[in-house]
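So the sequence shown is numbered by numbering that gives the first Met the number 0: it starts at 0 and just counts up by one. Notes for the one structure printed next.
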Amino acid sequence: MKIPKNHSKIVVGIPARFASTRFPGKPLADLAGKPMIVHVIEKAMQANIGQVFVATDDERIAAVARAVGSDVFMSQAPHNSGSERLAEAVQAMDCDIVVNVQGDEPLIEPLAIQSVVRPFMVDSSLEMATLAHPLLRSEDLYDPNVVKVVCNAKGHAMYFSRSALPFPRQAQAAPALQHVGLYAYTKDFLCNYSNLQECPSGEAEQLEQLRVLHHGHSIAVSIGDFHCLGIDTSEDLERAKKILCQS
């Protein structure tokens, strides 16, 4: 993959914590014979766009990551999000773009990781980018666990929501897009991210990206066949096992 001329170095960070509220220890949960975090690391390495590292505060996760050849950054401060954990990690790193691959996305495709940085190649003023794909099931439009996004004519996000978005008031509504929780940022923007104050919509929806929009920053959205499965519960893990067995 060609590295954008205006950004010479990309790093791929994987934030991972052990103390998940809904699924404690999920980065180390067994998935097809190896810890889930290993699947994520392997996908990130296959993307082949830059250094891969895991940012964690747990030595158990760190040990597993090191064993498969990943760099590790041990975070010291408490964090409210994976973005804030990565911001601490990249402070002293030599990089221009930081890709945030969530540690609970074991089925993420290398192509998706490559695609999230492509908008930076054509827009030197861009600060942040993410992905989306057309909604697969009609019932997902009303599922609060499925985050939807609406974009403007420039391909930038207008709003993210757990509610039906856009609401299908008429029979032929605009096609809905499902957000994929994969992000890329310039290093400068990521390092200043934690300085953005929380906003009412972000707190209500529990979606950290809404505070970026609230403060007037743009998020480019690449749309494609980026179908992922975030692991939030033990049921999600079972679904991922079935998908891997079928592939």
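Beta carbons: idealized from backbone N, C-alpha and C, even for Gly.
Spatial neighbours of residue i within its chain, please: CB distance less than 6 Å, with the 5 preceding and 5 following residues excluded, ordered by chain position.
i, result
"Leu164", "Lys147 and Val149"
"Leu195", "Arg210 and His214"
"His216", "Glu126"
"Val51", "Val11, Ala43, Met44 and Ser69"
From the DSSP output, which residues share a beta bridge with residue i?
i, result
"Leu181", "Val100"
"Asp29", "Pro34"
"His155", "Ala219"
"Gly12", "Phe52 and Asn99"
"Asp70", "Phe52"
"Met127", "Tyr184"
"Cys150", "Ala156"
"Leu306", "Any property of residue 306 remains undetermined from this structure, which presents the chain solely from 0 to 246."
Measure the alpha-carbon distance for residue i versus residue j and round it to whole angstroms.
i, j, result
"Tyr158", "Ile48", "29 Å"
"Ser137", "Glu234", "21 Å"
"Thr55", "Glu108", "22 Å"
"Leu176", "Asp224", "11 Å"
"Asn79", "Pro105", "22 Å"
"Pro3", "Gly81", "Residue placement at Pro3 cannot be trusted, given a pLDDT of 47 that sits under 50; the coordinates are not used to answer."
"Ser69", "Ile13", "10 Å"
"Ala15", "Arg168", "40 Å"
"Glu207", "Lys241", "30 Å"
"Arg161", "Val39", "25 Å"
"Asn144", "Val179", "12 Å"
"His226", "Ala111", "9 Å"
"Leu228", "Gln101", "11 Å"
"Ala152", "Leu212", "16 Å"
"Leu189", "Val97", "8 Å"
"Gln205", "Ser193", "16 Å"
"Gly201", "Val53", "26 Å"
With a threshold of 16 other CB atoms inside 10 Å of the CB of residue i, please say whether the residue is buried or exposed.
i, result
"Ser221", "buried"
"Pro133", "exposed"
"Glu237", "exposed"
"Asn99", "buried"
"Lys42", "buried"
"Ala46", "buried"
"Leu135", "exposed"
"Pro118", "buried"
"Ala219", "buried"
"Ala156", "buried"
"Ala203", "exposed"
Spatial neighbours of residue i within its chain, please: C-beta separation below 8 Å, excluding the five flanking residues on both sides.
i, result
"Cys244", "Ala31"
"Gln75", "Asp56 and Glu87"
"Leu27", "Phe17, Pro34, Met35, Ile36, Arg59, Ile60 and Val63"
"Lys1", "In this predicted model, Lys1 has a pLDDT of only 48, less than 50, meaning its place in the structure is not dependable; the value taken from the coordinates is given anyway. Cβ within range, chain order: Met120."
"Leu130", "Ala111, Ser114, Val115, His178, Val179, Leu181, Val220, Ser221, Ile222, Gly223 and Phe225"
For residue i, collect the residues of the same chain with a Cβ closer than 7 Å to its Cβ; drop the 5 residues on either side in sequence, then sort them by chain order.
i, result
"Lys8", "Gly49, Asp93, Cys94 and Asp95"
"Val37", "Val63 and Val67"
"Pro174", "Pro133"
"Tyr141", "Ala163"
"Ala91", "none"
"Asp139", "Val145 and Gln177"
>> Using 8 Å as the cut-off, can you tell me whether the region 83-99 makes contact with the region 179-191, which would need three or more C-beta pairs spanning the two stretches below that distance?
In response: yes
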